[in-house]
Amino acid sequence: MCLGIPGQLVEIIDVEQHRGMADIDGVRREINIGLVLNEPGGLKVGDWVLIHVGFAMSVLDEEEAERTLSFIKLMGEVWDDEKAQFSQEAPL
Amino acid sequence: MKFVDEYRDPAAARAAVAQIEALAGPLTERSGQHLKFMEVCGGHTHTIYKHGIENLLPESVELVHGPGCPVCVIPMGRVEDAIAVAETPGVIFTSFGDMMRVPGADGNLLEAKARGADVRMVYSPLDALRIAEANPDRQVVFFAVGFETTAPSTAVTLLKAKERGVTNFLVFCNHVTIVPPVKAILESPDLRLDGFLGPGHVSTVIGNRPYRFVPAVYGKPLVTAGFEPLDILQAIVMLVRQLNDGRCEVENQYTRAVHDEGNPRALAILAEVFELRPHFEWRGLGFISQSALKLNDAFADYDAELRFNVPGVRVADPKACQCGEVLKGVIKPWECKVFGTACTPETPIGTCMVSSEGACAAYYNYGRFTRAATIPVRAAEPEPVA
Chain C
1038 MCLGIPGQLV EIIDVEQHRG MADIDGVRRE INIGLVLNEP GGLKVGDWVL IHVGFAMSVL
1098 DEEEAERTLS FIKLMGEVWD DEKAQFSQEA PL
Chain V
415 MKFVDEYRDP AAARAAVAQI EALAGPLTER SGQHLKFMEV CGGHTHTIYK HGIENLLPES
475 VELVHGPGCP VCVIPMGRVE DAIAVAETPG VIFTSFGDMM RVPGADGNLL EAKARGADVR
535 MVYSPLDALR IAEANPDRQV VFFAVGFETT APSTAVTLLK AKERGVTNFL VFCNHVTIVP
595 PVKAILESPD LRLDGFLGPG HVSTVIGNRP YRFVPAVYGK PLVTAGFEPL DILQAIVMLV
655 RQLNDGRCEV ENQYTRAVHD EGNPRALAIL AEVFELRPHF EWRGLGFISQ SALKLNDAFA
715 DYDAELRFNV PGVRVADPKA CQCGEVLKGV IKPWECKVFG TACTPETPIG TCMVSSEGAC
775 AAYYNYGRFT RAATIPVRAA EPEPVA
């Protein structure tokens, strides 16, 4: 759970409510973007962010994001778990 | 994958190892002792074993694993408290998956679920809030664990709950902070350390400034490091270079993600929601003052510890389990009597075997069962770094 996984911001759903849509390796999920809104240059669709428990924690450049993602994929089970958790919707 | 190769390049790794050897050699010859560096973060421990970094390093440098796995440091008494809350009638208890298998004195959360408690795994605290909004007649409790990396997420969720007037969402707060255990380890008489690899993701939130006491008060260098194998090797180069130059500073190897001032927005939100506990028990490290967070008075209505009767009993770790010594870096996982026999990832006795970031799980999963498998094997063909 402590891992951060890079994802690409594919939509800003509601900037006031800090709602964004992220794509991690083809899986999409809503994330909170409130902690990275004050990044220099602002946050925009297409940016890469480090995602931890549903929150964007920092903005990454594409190079860093690609590097980190391919590295986490090498971790096998860890990556599978994180991706499975990212894609699951908690039953209400 | 055009950017990946330079961070896995075996030639670059070998060059870094050669540099470490050249710089560390004279130091260890002078002192007669090899250098010991602690990696504070569980993510680093994982990388080190996944990629066999320990085997690449010269004998003059040893890596020691630290307390930076948030699941591993939760004491059994807190797991018991969590189970007591989860078994309260009318409660929906939500937790990250890792925490569900951590044993208390009498079973874990999964077993409580099997006995009939409504325990649900969530990916994010925001999922727990959604469950609360969908079930207004139930009390929904979120089992909050984690260092400063995770605490801002809980804080934001609490702010949202307040903003939306959700009154049936509660937090059982077990957030901890990274600096006090590092200080406790530095104060500990049973461990000699020459420097630290600083945590990566925690530092994206708190920045590098909080570590300045490590060189200033204790005279040890600290280098914040990224999670790639080469990041770790480069950070070790930076540590041995400091020692060689007679310098002792906080340096940042992970400049790609960590800024000196951290994430000011996340820090402001933490300050708005939490306050420091006077003390908190850590597995293996005992009670450490001002080392954990609780909800402040403005959020008292959301504090599960105030709403429910939590036993709050201190539970001693199982006698056979040596997670405490592992978390302090005093012993390696394979030196624990139950490692790999009674204690495995399938049937963990201690927390370090539960979480994939725990040192014992990392050792176990990557086949470091014995001393023979952990001592340097560099005489053989150099291991590929990727």
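Residue numbers (the numbering used here), protein chains in the order written: chain C, 1038 to 1129; chain V, 415 to 800.
C-beta atoms are modelled at their ideal positions from N, C-alpha and C, and glycine is treated no differently.
Just so you know, these numbers come straight off a predicted model, no measurement behind them.
Using a Cβ cut-off of 8 Å (strictly closer), state whether residue i contacts chain V.
i, result
"E1048 (chain C)", "no"
"G1044 (chain C)", "no"
"E1053 (chain C)", "no"
"G1071 (chain C)", "yes"
"K1110 (chain C)", "no"
What residues from chain C crowd round residue i, counting only those whose CB sits closer than 7 Å?
i, result
"Y632 (chain V)", "Result: empty, since nearest Cβ-Cβ is about 25 Å, beyond 7 Å."
"L540 (chain V)", "N1069 and G1091"
"R679 (chain V)", "L1072 and N1075"
With DSSP as the reference, label residue i as helix, strand or coil.
i, result
"G1057 (chain C)", "strand"
"E695 (chain V)", "strand"
"V499 (chain V)", "helix"
"H465 (chain V)", "coil"
"H479 (chain V)", "strand"
"A430 (chain V)", "helix"
"K450 (chain V)", "strand"
"N658 (chain V)", "helix"
"T765 (chain V)", "helix"
"I1070 (chain C)", "coil"
"E473 (chain V)", "coil"
"L690 (chain V)", "strand"
"D731 (chain V)", "coil"
"I789 (chain V)", "Confidence is the limiting factor: at I789 (chain V) the pLDDT is only 48, short of 50, which leaves the residue's position unreliable and the question unanswerable from this model."
Are residue i and residue j touching if we call contact CB-CB under 8 Å?
i, j, result
"T761 (chain V)", "I488 (chain V)", "no"
"V499 (chain V)", "A718 (chain V)", "yes"
"C455 (chain V)", "S769 (chain V)", "no"
"T502 (chain V)", "F556 (chain V)", "no"
"E443 (chain V)", "G480 (chain V)", "no"
"E476 (chain V)", "L449 (chain V)", "yes"
"A569 (chain V)", "F688 (chain V)", "yes"
"N622 (chain V)", "V672 (chain V)", "yes"
"A531 (chain V)", "M490 (chain V)", "no"
"F753 (chain V)", "C774 (chain V)", "yes"
"G812 (chain V)", "I620 (chain V)", "Outside the shown range of chain V (415 to 800) lies residue 812 (chain V), about which nothing can therefore be said."
"A680 (chain V)", "L1072 (chain C)", "yes"
"F586 (chain V)", "A496 (chain V)", "yes"
"D1060 (chain C)", "V1052 (chain C)", "no"
"K742 (chain V)", "S602 (chain V)", "yes"
"G614 (chain V)", "G640 (chain V)", "yes"
Would you list the residues sitting across from residue i in a DSSP beta bridge?
i, result
"A706 (chain V)", "V:V590"
"W1085 (chain C)", "C:Q1045 and C:L1097"
"L584 (chain V)", "V:V555"
"D532 (chain V)", "V:I506"
"R515 (chain V)", "According to DSSP, which records beta bridges pairwise, R515 (chain V) is partnered with nothing at all."
"N666 (chain V)", "V:T638"
"D1051 (chain C)", "C:R1056"
"V1064 (chain C)", "C:I1061"
"L611 (chain V)", "V:E453 and V:V637"
"C757 (chain V)", "V:F753"
Given that residue i touches chain V, what residues does it touch there, using C-beta distances under 8 Å?
i, result
"V1064 (chain C)", "The premise fails here: V1064 (chain C) is roughly 12 Å from chain V at the closest Cβ pair, so nothing lies under 8 Å."
"V1115 (chain C)", "H460 and S770"
Taking only beta-carbon positions, decide if residue i is within less than 8 Å of chain C.
i, result
"T563 (chain V)", "yes"
"V487 (chain V)", "no"
"E642 (chain V)", "yes"
"P472 (chain V)", "no"
"P566 (chain V)", "yes"
"R670 (chain V)", "yes"
"T581 (chain V)", "no"
"T618 (chain V)", "yes"
Does the ligand FMN have a heavy atom nearer than 7 Å to the CB of residue i?
i, result
"E1053 (chain C)", "Because no ligand of any kind appears in the structure shown, any question about the ligand FMN cannot be addressed here."
Could you list which residues in chain C have their beta carbon closer than 9 Å to that of residue i, in chain order?
i, result
"V570 (chain V)", "H1055, N1069, G1071, L1072 and F1092"
"S705 (chain V)", "The contacting residues do not exist; S705 (chain V) stays about 17 Å from chain C at best."
"Y463 (chain V)", "Simply none; closest approach about 11 Å."
So with CB distances below 8 Å, who are the chain C contacts of residue i?
i, result
"T591 (chain V)", "Near T591 (chain V) there are no residues of chain C at all, since even the closest Cβ is about 14 Å away, more than 8 Å."
"Y537 (chain V)", "V1090, G1091, Q1122, F1123, Q1125 and A1127"
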